[in-house]
Amino acid sequence: MIIATNVSKKFGKLKALDDVSVTCNKGECIALIGPNGSGKTTLIKSILGMVVPDSGFITFNGRNILRDWSYRNDIGYMPQIGRYPENMTIGQVLDMMKDIRRRKNVETDNDLVNAFGLHDLMKKRMRTLSGGTRQKVSASLAFLFNPSVLVLDEPTAGLDPVASEILKEKIIAEKKKGKLVLITSHVLSELDDLVTQIIYLQDGKLRFHKSLEDLQRETGEGKLNRAIASVMMNK
Amino acid sequence: MKKIIKYVIVDILRNRIILAYTIFLLVLSLSIFNLEDSPEKGLLSLLNIILIIVPLVSIVFSTIYVYNSSEFIELLVSQPLKRSTIWLSLFAGLAFSMAIAFFIGAGIPILLYTTGNTGLMMLVIGLILSVIFVSIAVLASVTTRDKAKGIGKAILLWLYFSILFDGLVLFILFQFADYPIEKAMIGISALNPIDLGRILILLEMEVSALLGYTGAIFKDFFGTTSGFLLAFAAMLAWALLPLWISVRKFNAKDL
C-alpha cells in the first residue's frame, strides 16, 4: 500500500532519513522503532506529505504522493504532540474536521469519542486541556473518518492506563478489519500484542524490517523489548 | 476552500484587534472630515494618515496572525487538502478582513463626505494597499520560521516602503540632479506600492502642479489611460507576486 523508495531527508547537516526504503501492506500492523532522533517521526511526516523528502519517492496505492493530496482521505494521523487552534473548543475542532473532511457515504466512527467520554468536555477550549485529553482528541480525530491507514505517532504517551487500553483495543479491532496500522512507540511492552512487523531505524538508516515471528526466532527472545535489546547489543 | 476561508474569517472576527482597527479608522476619518472645512482638504489629510496606517496594520497583523495559526495550518496539512488551498484560504480570509475593515472604517466616511473621483480613487487605493501588504506579510512569514524574526522582518519591510524608500529616492534625485532622470522616476516609483498609490491619488487631486517638473512628467504619464492602467497593473503585481512566491515556498515547506 505504501512504498517508500530511497527516501533521504536532511535538516541542515543532520541526516534525518538516509536512503530508507520500506514497503507496508494492507492488514499489517507495523511498529517503527528506534532511539530518539532516529528519524521515525520524519518518516511518518514524509508519508503524510508534511515533510518533503530531498530525494527518493513515496507511493500510496501505486501513486506518487508528491503534489497529491487526495490520498490523505485514506489516512488517519495521530501526531506525537497534537497542536490545535487554542481558542476553539473540542466540539468546534471535531465539527470543523467533519465539515472539512466529510465525504459522502462514509460514516464517521465515533467509538473513541464515546469511549473517552469526550462528550462531557465538548465545551472546553483546547488551551485548557491537559496533555492526556489532547491525546484523546488526537486519537479520536485519527479514527473519526474510518481511514484505511492509521498512522499513530507515540499514541499512548501521556494517556492514563484506562485510556491507553481503550486505544489499544480500538487499534486491534481496526487491524482485524484489514487496515494498515503504523505505530511508533518507546514503550515496547505495549506493542507485543499489537504488531506483526518491526521496522528498526537508527541514525536515519533502516536497520531491518522483519516480521515479529522472524525476529523472535532469530533472537530466541519471546518478548519484543528483549528481542530489540538483544539486537541493539549485537550491533 | 470556501469552508477554510469561513473558519479563518470567523477566527479573525473573534479577534478584537480588527474591530479596534475599524473603529480607529472610523473615528479618525470622521473627525478629519468634521474638522476640515472642505472635503478636499479632509481627503488630503486623510491621505497621509491612510498611507502610513493601512500598510502598517495590514502587514503586522497578518504576520502575527499567520504565526499564531501555525497549529491550525499544521492540523490542516495532515488532512486531505491541497497545500495551496490552505495557504490561499488563509490569505483570502486575511485580505478580505483587512479590506472590509478599511471599507467600513475609512471607505464609508469617504463616500459620505466626498463626491467625485478623488474619494473613489482613495477608497480603491486603500483597499488594494490592504491586500498588497497582506500578501507581503504572508511571504515574510513563510520564509522565516522564528516568530520574533518574522514580525521584525514585517516591521522593517513597512519601514522600508513608507520611509526609507522615499529617502533613497531623494538621495538618487540629488545625486543625479544634473541628468534628465524624470522619466526614470516613473519606473522607480513602480517599485513601491505606497508611492504608486500616493501618486495616483495626488494626480486625481489636481495638486500635482505643486510637484514641479517631475509632477508634470507624472501627470503626462499617469494622466493617460495607458499610464493609468500600467500603474494599476503594477499595483496588482505587488499583490499577486509575493503571494505567488509564498505559495511556492509553502508547498515545499517542512512542517
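Protein chains in written order, with my numbering: chain A, 2 to 236; chain B, 2 to 256.
Yeah, the Cβ is synthetic: ideal placement off N, Cα and C, and Gly gets one too.
- Comparing alpha carbon positions, the residue from B/GLY188, B/SER63, B/ALA100 and B/ILE105 closest to B/LEU91 is B/SER63.
- Looking at the DSSP output, A/ILE4 shares a beta bridge with A/THR24 and A/THR60.
- DSSP places A/MET234 in the helix class (H, G or I) of the three-state scheme.
- With contacts defined by Cβ atoms closer than 8 angstroms, A/ILE82 and A/LEU183 do not form a contacting pair.
- Between B/GLY94 and B/ILE13, the CB-CB gap stays under 8 angstroms.
- Within the segment 131-199 of chain B, the complete alpha helix (DSSP H) runs of at least 4 residues fall at 148-160, 166-176 and 183-190.
- By the Cβ rule, the segment 192-205 of chain A counts as touching the segment 18-37 of chain A, because three or more pairs are nearer than 8 angstroms.
- Runs of the beta strand (DSSP E) lying entirely within the segment 150-212 of chain A and spanning at least 3 residues, in chain order: 150-154, 181-185, 198-203 and 206-212.
- Distance from the Cα of A/SER186 is smallest, within the candidate group A/LYS178, A/SER165 and A/LYS177, for A/SER165.
- Residue-level contact by beta carbon fails for B/PHE251 and chain A, as no gap is shorter than 8 angstroms.
- Against A/ILE101, the close residues of chain B are LYS4, ILE5, TYR8, LEU77, GLN80, PRO81 and LEU82, in the order they occur along the chain (beta-carbon pairs closer than 9 angstroms).
- Nearest C-alpha to B/VAL135 among B/LEU121, B/ILE152 and B/ARG146: B/ILE152.
- With the criterion set as a beta carbon lying under 7 angstroms from some beta carbon of chain B, the members of the segment 43-69 of chain A are LEU49, MET51, VAL52 and VAL53, in sequence order.
- For the pair B/LEU76 and B/PHE229, the Cα-to-Cα distance works out to about 44 angstroms.
- DSSP places B/ASP255 outside both helix and strand once states are collapsed to three, so it counts as coil.
- By the neighbour-count criterion, in which 16 or more other beta carbons inside 10 Å mark a residue as buried, A/GLU155 falls on the buried side.
- In the DSSP assignment, A/TYR85 falls outside any alpha helix (DSSP H) and carries neither an H nor an E.
- The C-beta separation of A/GLU222 from A/SER212 comes to about 15 angstroms, leaving the pair out of contact by the 8 angstroms criterion.
- By the 16-neighbour rule on beta-carbons within 10 angstroms, B/ILE87 is buried.
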